[in-house]
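First up is the structure itself, then whatever we jot down about it.
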């Protein structure tokens, strides 16, 4: 019988925090404190950021897995103004609901196998899949498909029959480590995410579940940045690095209890730090509420090193709604002050020379 993977969350396989990791942790805590102080005075701004993050998180986490729909359909699905028309939209709707469950009830959802199964079932509520809420009953592999069509197996997870025990052991190890403060909580959250996706406990939805559990853990640990800045979007933007560090921190050594958590932990901290920096920047812009929206749009475009999409401008100017930003962009184009670059999802705005 195959030897069972051991989750040693007291040492994380003798993980030593590097100077870079400690610096990132310090910056995260500093920005977290600043955000908590400012957000008390910025409810309207935070509500707008929350609405945008819901759309971006639902979009990005599914796009990582090749699941997508149009921007217009996505917005309607997230706001529950329409029903799904195909399998992709069914899965997008499921992610939307789990995300809402986590945002609204995170303090009641303990990290246990039963709760993980319940969230997975909700993820597939709109589909005809029979495996929602059930651990895998067949062995699986993590495969990369390259541009030329050929595929390579990146990682072979444990066999299906070991899955229930492994998930139970992982949850127990994580919860005990949080109670015992064996490592800073963000380090433990990163380790859990890596180990969960390495177990690959489901026939489908493993990546999305790992990112949803990431948000759940961060909320419970007091790091609620994922409510207002989409961590999934930041991961999608660095997808190659995400997959590279997952592989470096798991690989063939994972099953032998000899993997090195360092690469993925460092990447995870970078994502959380980037989210807090972005949140603080956007909150700081609330000082611009006296400025008219046209001036703000021009300032953001002139200060940007690249053309910006309408969504990016909405994120940078949360004190104004979509209709206002849309109207301003149309007026500035009419005056030939800005121009549109690209088409469809690739549409961006930049200032005319």
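Residue numbers (UniProt numbering): 1 to 353.
Think of the CB as a built atom: it goes at the ideal place given N, C-alpha and C, for glycine as much as any other residue.
Nonlocal neighbours in the same chain, by C-beta distance under 8 angstroms from residue i, ignoring five residues either side
i	result
residue 20	266
residue 84	77, 90, 92, 93, 126
residue 137	131, 160, 203
residue 336	352
residue 113	164, 167, 168, 171
Residues that residue i bridges to, as DSSP identifies them
i	result
residue 349	308, 340
residue 143	153
Same chain, Cβ closer than 6 angstroms to residue i, five either side skipped, listed in chain order
i	result
residue 261	12, 15, 191, 249
residue 232	57, 60, 61, 211
residue 198	250, 254
residue 107	none
residue 316	300
residue 221	185
residue 272	28
residue 257	6
residue 101	none
Given residue i as reference, the closest of the options once Cα atoms are compared
i	options	result
residue 213	170, 154, 88, 176	170
residue 245	229, 236, 264	264
residue 95	6, 346, 122	122
residue 45	243, 279, 202, 73	279
residue 282	23, 8, 22, 50	50
residue 7	73, 195, 331, 161	195
residue 70	88, 64, 53, 247	88
residue 275	179, 235, 166	235
residue 55	252, 181, 311	311
residue 219	111, 139, 52	111
residue 26	270, 320, 292	270
residue 327	346, 292, 304, 305	292
residue 17	205, 187, 105	187
Sequence-distant residues of its chain with Cβ nearer than 7 angstroms to residue i (five each side left out)
i	result
residue 156	141
residue 288	In this predicted model, residue 288 has a pLDDT of only 49, less than 50, meaning its place in the structure is not dependable enough to derive any value.
residue 32	223, 276
residue 350	301, 307, 338, 339, 341
residue 103	227
Buried or exposed (CB count within 10 angstroms, at least 16 for buried), residue i
i	result
residue 151	exposed
residue 302	exposed
residue 35	buried
residue 340	exposed
residue 164	exposed
residue 208	buried
residue 23	exposed
residue 344	exposed
residue 79	exposed
residue 189	buried
residue 30	exposed
residue 217	buried
residue 230	buried
residue 48	buried
residue 10	exposed
residue 239	exposed
residue 53	buried
residue 143	exposed
> In the stretch 17-59, which residue ranges form an unbroken alpha helix (DSSP H) of at least 4 residues, counting only runs that do not cross its ends?
Replying inline: 19-39
>> What ranges does the alpha helix (DSSP H) occupy inside the stretch 69-96, keeping only unbroken runs of at least 4 residues that lie completely in it?
In response: 71-78
>> My parser needs the beta strand (DSSP E) runs of 3 or more residues fully inside the UniProt domain "Fido" (111-270); what are they?
In response: 142-145, 151-155
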